[in-house]
Amino acid sequence: MKRLLKKEELNRLLLGLMKEYDVIAPIDEEGLILFRPVTKVEQVLWDYPNSLKPVKEFFLPPREVLFQFKRGKVQPANLSLKKRVIWGVRPCDARSLLLLDKVFLDSTQDVYYREKRKSTLLVGLSCNHPEKSCFCTSFASGPHHKEGMDLLIADLEEGIFLLESNSPEGEQLLKGRGKEVNKIDEKIRTKIKEKTERKIERKLKPSQFLERLTNGFDSSYWEKASRQCISCGICRYLCPTCHCFDIADEEGERVRFWDGCSFRNFTKMTSGENPRFGKRERFKQWYYHKFGYFKENHGVFLCVGCGRCLRNCPVKIDFSEVLQQLPAQAQTPAREG
Amino acid sequence: MLEQLRKKAKELLKNKEVEVIIGYQKSNNNSFTTPCFIESEDGVDRLTWDEHCVYNLSLYLKEVKGKVGIVAKGCDVKSIVALMQENQIDRDRIKIIALECQAQVDQEGQILEKCRTCQVHIPGMYDELVRSKTSPSKIESKESDKEYSVLEELEAKSTPERWQFWQRQFEKCIRCYACRQVCPLCYCSECISEKTAPQWILPSPSLKGNTTWNIVRAFHLAGRCIDCGECERVCPVNIPLRRLNKKMEKEIQTMFNYVPGLDSKKKPPLVDFRVDDPQEFIR
Amino acid sequence: MNDNRSVKEKNLELKPSPEKVKIAAFLCKWCSYAGADLAGGSRKKYPPNVIVIRTSCSARTNPLFVWKSLEKGLDGVLVSGCHPGECHYSEGNYHTRRNFAVFRKLLEYIGIEPERFHMSWVSAAEGDKWAQVVKEVVKTVESAGPNTYFSKKKEDNA
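Taken in order, these protein sequences are the chains called V, Y and R. Per this note's numbering, the very first residue in the first sequence carries number 1; after that it's consecutive. Per this note's numbering, the very first residue in the second sequence carries number 1001; after that it's consecutive. Per this note's numbering, the very first residue in the third sequence carries number 2001; after that it's consecutive.
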């Protein structure tokens, strides 16, 4: 279902949602754009490139209590959640959740993830002003894609919005709102969509990645490419598709929290052995997971082209370029050590 | 300046005085710079120098083996001195190409806070010095540009207010450890945050663990931090880490009359002592 | 002063109650620990709020121990060692002194009341001084009240 809404009508829709659901939307928190629970329509940002942290933090939280224990008694975590709406999700982030579903829902289901996913509606906001670092069009996504959302809001500019439902729940939200969409509106939308897609200059050719990665496992290229890397966790933590975690006991709580392959102790074993001790190996792993192993196992690349890794890298490593420049032919094996 | 820098780099590589030069190059989209490693004479044209060379490259000195040349600003040289004080690098294998630096700017074009109070526009130690031909000071000095003026606002607050302020800051921490990884002086082969038995610092991003981590980081750098401000620059959630480091610097200067990063022969203050150190707080 | 209460009554006053503050005391084994021992041996009276932890030298007390005590919910911390110049290891306590001169400033800056951290020099012969130090420290920590740094947050989560 498609409907055309004015800004005021859209605000009314949001206000209505706030009465019924817990609404999470992008706000400006001391200079950081973050998705946070909101109670006022005025707080919500409309014009922003993308949030600093991806929406995965609401499905795979940075820190999540799995259960509590005290003197031999185990208290399971409360899994029931009030119905919530994440408002203003960008198409790239919505797609990232579909990729995470493959990990957490496909074979073995992760109840913590599943329950959060089940009780959440995604209302997306299409993207008219992509950043220089964006490259979603290279990964089967795009600034106006509705994949993974219940409802997509496309800004037709001049205060008019085209809303498109993508699920029964989304259709329910749209019922009886705004007016019909005519052909002219559709045309404007297509025009804006194409204009935005043209703005995305960064283009990758993922078709060759898998083969090149297979050939280049021992390539000296990785030594060179990883040299600037400082092995922090920014790219991993801010990536909407990175989903590695660690589990630890903290003062009567078993917690699950984000971890990343850039850290030296990520692969450290009890014996002291560490198969991925070197920076080169740790740097490489990220690419092999996203564009090698995941592709082999699930048929898709584990990347949505949101560009957060590029924007936030402390030493400005161009991750897409590292991939792009991966030599087609295997190079001489890397030096030891 | 750039011409001279490239010329000197070329000479060093040509005469086999160094095997690799760590410097700055334009980043891919040309709007900023990124660190680079140059191993051949033809590569020196990649070297660049402008007001976007924010990185403290001495970070890489430990992992690059052999004879190495490094392009360094005044503040970066201070961290090289600090590393020498702690016997972490061998001065003989390092050639410092020092650059006269007026100020660096962030991605929004704002002059970095640290540059406003910079005392080392001309680096204090070098093998080659590249001076600026024109020397107009880019910084319009402000009334608030005193060394520790950045601390005043917080120091004026009451203790509970400060607790609230820092808790709000530490709450944001996502424990990406970029502050640790980017710090040239955070070189421990195993960080206390990685230890699990005993687990001193709760590993998950909770308020408790975050507070402990930030306190430990600040104190471990006390008397050693040379204020390159990299930790604050890289923090993805904008925790004002420099206000912690600077406070430690100020207290140590007041109590022990020590300024870090100036003298490679001096002992760092917290491994040193004087019999008449202040002790009015001890019963 | 004329105090007519029985010994039992006086002792009762010294018993720790839930409202009373808890203080971790890190004592160097050569001086302060022996000093505290002497205070006990010579039946000096002092408040029982301190939990004594023996360290091999006051310099062994890593500032992290102090922070960890506060993080775990203790209300105050006391670090005690030999008088300057009398360290069993010649210079350990000089390092302690420098470390904590800086660390207490950091604690204060982070927002911890300065009343919560204390240091003292107590020799093996100073049982009297030890009792006096504890009395003073307990009083000061009490003035800062119970440690609620992280407890408020817990209620929110529950």
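Heads up, the beta-carbon is just placed ideally off N, CA and C, and yes, glycines get one too.
Asked	Found
Residues of the segment 1154-1184 of chain Y with Cβ closer than 8 Å to any Cβ of chain R, in chain order	Leu1154, Glu1155, Thr1159, Pro1160, Glu1161, Arg1162, Trp1163, Gln1164, Phe1165, Trp1166, Gln1167
CB contact flag (phenylalanine 139 (chain V), serine 320 (chain V), <8 Å)	no
Beta-carbon proximity check, valine 55 (chain V) vs isoleucine 86 (chain V), cutoff 8 Å	yes
Whether proline 1184 (chain Y) touches serine 1058 (chain Y) by CB criterion (8 Å)	yes
Chain R contact for aspartate 1277 (chain Y) (CB, 8 Å cutoff)	yes
Against chain C: residues of the segment 2124-2135 of chain R by CB proximity under 8 Å	As a matter of chain content, chain C is missing from the structure shown, whose protein chains are V, Y and R.
Residue-chain proximity (proline 1203 (chain Y), chain V), Cβ-Cβ < 8 Å	yes
Own chain partners of glutamate 147 (chain V) with C-beta closer than 6 Å, once the 5 adjacent residues on each side are dropped	Arg95
Stretch pair the segment 292-309 of chain V + the segment 236-251 of chain V: three plus CB contacts closer than 8 Å	yes
Best match in V:Leu323, V:Lys203, V:Val315, V:Glu250 for proximity to glutamine 1025 (chain Y) [C-alpha to C-alpha]	V:Val315
Interface residues of chain V facing leucine 1059 (chain Y) [CB-CB closer than 8 Å]	Ile230
From Y:Gln1088, Y:Gly1223, Y:Val1018, Y:Ser1040, residue whose alpha carbon lies closest to that of valine 1271 (chain Y)	Y:Gly1223
Counterpart residues of arginine 256 (chain V) in DSSP-defined beta bridges	V:Glu64, V:Ile247
Where the alpha helix (DSSP H) containing tyrosine 1024 (chain Y) begins and where it ends	Where tyrosine 1024 (chain Y) is concerned, there is no enclosing alpha helix (DSSP H), although the beta strand (DSSP E) it sits in stretches over 1020-1026.
Span of the alpha helix (DSSP H), counted from its first residue to its last, around leucine 1074 (chain Y)	According to the sequence displayed, residue 1074 (chain Y) carries glycine and not leucine. Unbroken alpha helix (DSSP H) run through glycine 1074 (chain Y): 1074-1085.
Interface positions of the segment 2051-2078 of chain R facing chain Y (Cβ-Cβ less than 8 Å), listed along the chain	Pro2063, Leu2064, Trp2067, Lys2068, Glu2071
Alpha carbon of alanine 248 (chain V) to alpha carbon of arginine 256 (chain V), nearest angstrom	7 Å
Neighbour flag for asparagine 1056 (chain Y) against chain V, beta carbons, 8 Å	no
Assigned exposure category for glutamate 1232 (chain Y) - 16 Cβ within 10 Å defines buried	buried
Reduced DSSP secondary structure (H/G/I, E/B, other) of valine 1237 (chain Y)	coil
Residues that isoleucine 1252 (chain Y) contacts on chain R, provided the C-beta gap is smaller than 8 Å	Val2102
Cβ-based contacts, 8 Å cut-off: residues of the segment 299-320 of chain V near chain Y	Asn312, Pro314, Val315, Lys316, Ile317, Asp318
Inter-residue Cα distance where the pair is proline 1205 (chain Y) and aspartate 259 (chain V)	11 Å
Whole-angstrom distance between glutamate 2091 (chain R) and glutamate 336 (chain V), CA atom to CA atom	Residue placement at glutamate 336 (chain V) is poorly supported in this model, since its pLDDT is 43, which falls under 50; the coordinates are not used for a value here.
Partners in chain R for lysine 1208 (chain Y), counting only beta-carbon separations shorter than 7 Å	Glu2071, Phe2150
Through-space distance from leucine 4 (chain V) to glycine 180 (chain V), alpha-carbon basis	Sequence inspection shows glutamate at residue 180 (chain V); the glycine mentioned does not correspond to that position. Their backbone Cα atoms lie some 6 Å apart in a straight line.
Beta-carbon proximity list for isoleucine 1174 (chain Y), same chain, < 8 Å, skipping 5 on both sides	Pro1205, Pro1236, Val1237
Inter-residue spacing [alpha-carbon to alpha-carbon] between valine 1071 (chain Y) and isoleucine 1022 (chain Y)	6 Å
Other residues of its chain near aspartate 2156 (chain R): CB distance less than 7 Å, five sequence neighbours each side excluded	Since pLDDT at aspartate 2156 (chain R) reaches only 44, below the 50 mark, its modelled position is unreliable, and no value is offered.
Minimum Cβ-Cβ distance from asparagine 1214 (chain Y) to chain V less than 8 Å	no
Glutamate 115 (chain V), DSSP secondary structure in three states	helix
Residue of R:Cys2087, R:Phe2117, R:Leu2106, R:Asn2099 minimising C-alpha distance to methionine 1248 (chain Y)	R:Leu2106
Coil, strand or helix - cysteine 1225 (chain Y) by DSSP	coil
Alpha helix (DSSP H) segments (min. 4 residues) lying fully within the segment 176-241 of chain V	183-199, 209-215, 221-225, 234-238
Alpha-carbon to alpha-carbon, asparagine 1087 (chain Y) and aspartate 1127 (chain Y)	19 Å
C-beta neighbour in chain V for glutamate 1152 (chain Y), strict 8 Å	no
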